[in-house]
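To start, the structure itself, in structure tokens.
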Amino acid sequence: MKTGLIVLVTLLGFNLSAHGAPAPLQGTRLNDLRLLPVQSGGRVKPFDEFARETLLAITGSRTYGSFDPSEAMVSMMVDPKGWADERIIRISVPEVNQQLLLEPGRKMFSPNELFASNAFLQYAEGIRSGGKSAEQVTGTGINAVSGKKDPRGEELRRVVDRVERFQAIVTGAVWTLTPPAGSDTDAPWKTFAEGMVNSSPQVQAAGSMLKCYLERQSDCFQEKAAALRDSVEKSVPGFSAIETKLKAEVWYNRLRPFLQAMIFYLFAGLFWLFASRHAFPRMMAKFLTFSAVFLHVLGFALRSYVAERPPVTNMYESIIWVSLGVMVFSFLLYRRNRQVVLMSTACLLAGFSLFAGDAAPLVMDPTIRPLVPVLRSNYWLTIHVLTITLSYGAFMLAMGISNVSLFQFVKIARSGDSPELSQRVASLNQLSYRALMFGTVLLAAGTILGGVWADYSWGRFWGWDPKEVWALIALLAYMAVLHGRYAGWVGRFALPLWTVICFSTVVMAWYGVNFVLGAGLHSYGFSTGGQAFVACFLLAQTVFCLVVAWVHKRGVAAPAAGA
89 MKTGLIVLVT LLGFNLSAHG APAPLQGTRL NDLRLLPVQS GGRVKPFDEF
139 ARETLLAITG SRTYGSFDPS EAMVSMMVDP KGWADERIIR ISVPEVNQQL
189 LLEPGRKMFS PNELFASNAF LQYAEGIRSG GKSAEQVTGT GINAVSGKKD
239 PRGEELRRVV DRVERFQAIV TGAVWTLTPP AGSDTDAPWK TFAEGMVNSS
289 PQVQAAGSML KCYLERQSDC FQEKAAALRD SVEKSVPGFS AIETKLKAEV
339 WYNRLRPFLQ AMIFYLFAGL FWLFASRHAF PRMMAKFLTF SAVFLHVLGF
389 ALRSYVAERP PVTNMYESII WVSLGVMVFS FLLYRRNRQV VLMSTACLLA
439 GFSLFAGDAA PLVMDPTIRP LVPVLRSNYW LTIHVLTITL SYGAFMLAMG
489 ISNVSLFQFV KIARSGDSPE LSQRVASLNQ LSYRALMFGT VLLAAGTILG
539 GVWADYSWGR FWGWDPKEVW ALIALLAYMA VLHGRYAGWV GRFALPLWTV
589 ICFSTVVMAW YGVNFVLGAG LHSYGFSTGG QAFVACFLLA QTVFCLVVAW
639 VHKRGVAAPA AGA
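Right, dumping it as structure tokens:
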């Protein structure tokens, strides 16, 4: 690793001399470049997606400044000096700055700043040597001495990966350009760097395109990009079978349907608040809601088409599905109980969920990846994962409605009970109860189906895996609430209170097992990040419940004391 970095430093002419900042080539149409087929991450994808994934890996974002992602990749290859001075390498853990003797408080650094750090080169060598550095950090981010997760070590590993990725981009080592000569669609493609040794028509066409970009000739660049795309497409085995998918993926990336749906949901939620009083807000709320759902379904369908599977294999994809489930259950309940507060709550929940998925791409990676072997069954993936995550949508809706119901008890404590407030609480509790029934049935079915799939994949129905345990805990918690309500043990105040509290078990089963515990056979879903935000959400919910319970208790005790 250290040797590789030294080679790159030499390639870049590491002298920290002034160099103009990279800038996009004005007036350039990039459609041919975006649609250029590339083999990466176990599948053939458009250059547009490859560029977005690369930028995400290096910078923590799928875009960079005013650059189109595809053009940014080309610019890096023809202007490595300029990009080596750009602050494109993200460091998210402050302790890493201190460890590498870098400026504290900053999150973005240029490759040259890291190349100039002997501490970085030392730790990079240590990480790549399997944890033999002074800090004993392994390549997996696990402390070699304690055997526990080390956030600083994980981030160090990521920083080294980001620098290596930049190195591979500017040298052409990751741009797979030349398809195999035979008919094997799974055979590896040759990279641009390999083609520099054994030239091919695609490498020659790419070289001509890069030369035009270096000379800032827009028309020439567009012409050579079209020629390169045509050359690669003619050489891809079975290209006609994937041509439509490549175009669909580029359209999906540029449309960003979930971002647009998020905006429509949030505005719809606000308009629904006034829909019961005026006709215009009601009309706008319905239009925005249906527009948001249309975009949501369109994005889900496009992602399913490109991935050739249900998109529910990671946290990002499950948030997309769960937020859509919130809307599905809200429509079902709204047909019988036309309460605008239901639709307002559902739209805001769906909007904020999509915002959470879009705001943290490093935590919830939006990249479309091939399935790990244990998940390569669209049948079980559909009936188990879709079912159990759909239950989370019902529970999220119930949680949102219950929060609104608890707020009504604050009003009751302040101004006293009234027939209007009592009727409102009863209606909200009924909606929450219906949503809980949907969720509990789906969670029970999904847990049982998961056991059947586990027997099929791992040879046992139940093994007390953390994911299985927390799914069971969530199921038992909600069943206790439902049975308590049916038996009369859970009253009109306790139902929304316990519904909100029980959602923490869903958070643990959905997020906590993968992002906090990181243990068990469901390792394909493990990741890190976001703990602070999730902890703040749970803390806020806990404090809200405690405050409302205290206010409610005082409100109940006051009339009794007066009597």
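In my numbering, the protein residues as written are 89 to 651.
Backbone N, C-alpha and C define an ideal beta-carbon position, used for all residues, glycine too.
Do residue j and residue i have their beta-carbon atoms positioned less than 7 Å apart in this structure?
{"i": "G489", "j": "T535", "result": "Correcting the residue identity first, residue 489 is Ile in this sequence and not Gly. Contact: no."}
{"i": "V400", "j": "V473", "result": "yes"}
{"i": "A562", "j": "A597", "result": "yes"}
{"i": "A363", "j": "V428", "result": "yes"}
{"i": "L478", "j": "G413", "result": "yes"}
{"i": "A380", "j": "F359", "result": "no"}
{"i": "M323", "j": "P276", "result": "Checking the sequence, you will find Ser at residue 323 rather than Met. Result no, Cβ atoms of S323 and P276 do not sit closer than 7 Å."}
{"i": "L265", "j": "A294", "result": "yes"}
{"i": "Y404", "j": "P454", "result": "yes"}
{"i": "P168", "j": "V258", "result": "yes"}
{"i": "E243", "j": "S180", "result": "yes"}
{"i": "L343", "j": "D446", "result": "no"}
{"i": "G170", "j": "P110", "result": "yes"}
{"i": "S592", "j": "L627", "result": "no"}
{"i": "L354", "j": "N425", "result": "no"}
{"i": "W638", "j": "W541", "result": "no"}
{"i": "T475", "j": "A514", "result": "no"}
Excluding five sequence neighbours on each side, which residues of the same chain lie with their C-beta closer than 8 Å to the C-beta of residue i?
{"i": "P112", "result": "S154, F155, D156, E159, S163"}
{"i": "G235", "result": "Legend: pLDDT at G235 = 46, less than 50; position of this residue unreliable, no value from coordinates given."}
{"i": "G130", "result": "R457, P458"}
{"i": "R253", "result": "T142, A145, I146, V262"}
{"i": "S319", "result": "P289, Q290, A293"}
{"i": "A395", "result": "I456"}
{"i": "G572", "result": "V578, A582, W586"}
{"i": "F549", "result": "G539, V540, A542, D543"}
Residues in its own chain within less than 6 Å of residue i by CB, not counting five upstream and five downstream?
{"i": "A222", "result": "At A222 the pLDDT is 38, less than 50, meaning the model places this residue with poor confidence; the figure from the coordinates comes in the next sentence. Taken in chain order, the list of residues that qualify is empty."}
{"i": "D120", "result": "A313, A314, R317"}
{"i": "K641", "result": "none"}
{"i": "M350", "result": "G439, L442, F443"}
{"i": "H384", "result": "A349, L412"}
{"i": "P325", "result": "S271, T273"}
{"i": "A482", "result": "F417, A523, F526, G527"}
{"i": "Q127", "result": "T264, W277"}
{"i": "I230", "result": "Any answer about I230 is weak, because its pLDDT of 47 lies below 50 and its placement is not dependable; what the coordinates show is given next. Taken in chain order, the list of residues that qualify is empty."}
{"i": "L302", "result": "V166"}
{"i": "F138", "result": "V126, S128"}
Can you give me the Cβ contacts of residue i inside the same chain, cut-off strictly under 7 Å, excluding the 5 residues immediately before and after it?
{"i": "L634", "result": "none"}
{"i": "R122", "result": "P134, F135, D136, S158, V338"}
{"i": "L386", "result": "P345"}
{"i": "R175", "result": "M196, F197, S198"}
{"i": "N517", "result": "S493, R580, L583, P584"}
{"i": "R512", "result": "Q496"}
{"i": "I330", "result": "V132"}
{"i": "S205", "result": "L188, L189, L190"}
{"i": "D202", "result": "This sequence places Leu at residue 202; Asp is not what is there. Here the set comprises I177, F208, V251."}
{"i": "I589", "result": "C633"}
{"i": "C308", "result": "C300"}
{"i": "Q629", "result": "V588"}
{"i": "G101", "result": "Per-residue confidence for G101 stands at a pLDDT of 42, beneath the threshold of 50, marking its modelled position as unreliable; the derived number appears in the next sentence. Cβ within range, chain order: K169."}
Just to check my reading of the structure: residue i and residue j have Cβ atoms closer than 8 Å, yes? What is that Cβ distance to the nearest angstrom?
{"i": "Q310", "j": "T116", "result": "6 Å"}
{"i": "A172", "j": "P192", "result": "At roughly 23 Å, the Cβ-Cβ gap does not stay under 8 Å, so A172 and P192 are not in contact."}
{"i": "V622", "j": "W558", "result": "Between W558 and V622 the Cβ distance is about 14 Å, and since that is not below 8 Å, they are no contact."}
{"i": "Y521", "j": "L583", "result": "7 Å"}
{"i": "V251", "j": "T279", "result": "So it is not a contact: roughly 19 Å between Cβ atoms."}
{"i": "L376", "j": "A389", "result": "Incorrect: roughly 20 Å between the Cβ atoms, too far for contact."}
{"i": "L430", "j": "L421", "result": "6 Å"}
{"i": "V636", "j": "V498", "result": "6 Å"}
{"i": "P369", "j": "T470", "result": "About 38 Å; that fails the 8 Å criterion."}
{"i": "V604", "j": "Y480", "result": "Going by Cβ atoms, the distance from V604 to Y480 rounds to 17 Å, so no, they are not a contact pair."}
{"i": "V247", "j": "V184", "result": "6 Å"}
{"i": "P449", "j": "R150", "result": "6 Å"}
{"i": "R140", "j": "N341", "result": "6 Å"}
Requested in this report: For the stretch 275–319, list the alpha helix (DSSP H) runs that are entirely contained and at least 4 residues long, ordered along the chain.
Outcome: 280–283, 289–302
Query raised in the report: Is there contact here, the stretch 433–450 with the stretch 407–424, by at least three beta-carbon pairs under 8 Å?
Result: yes
Query raised in the report: Counting only runs that start and end within the stretch 138–220, where is the alpha helix (DSSP H) found for 4 or more residues in a row?
Result: 157–166, 168–172, 182–187, 199–203, 206–216
Requested in this report: May I have a chain-ordered list of the alpha helix (DSSP H) segments no shorter than 4 residues that lie completely inside the stretch 339–363?
Outcome: 345–360
Query - Secondary structure, alpha helix (DSSP H): runs of 4+ residues fully inside the stretch 553–632 - result: 554–575, 582–595
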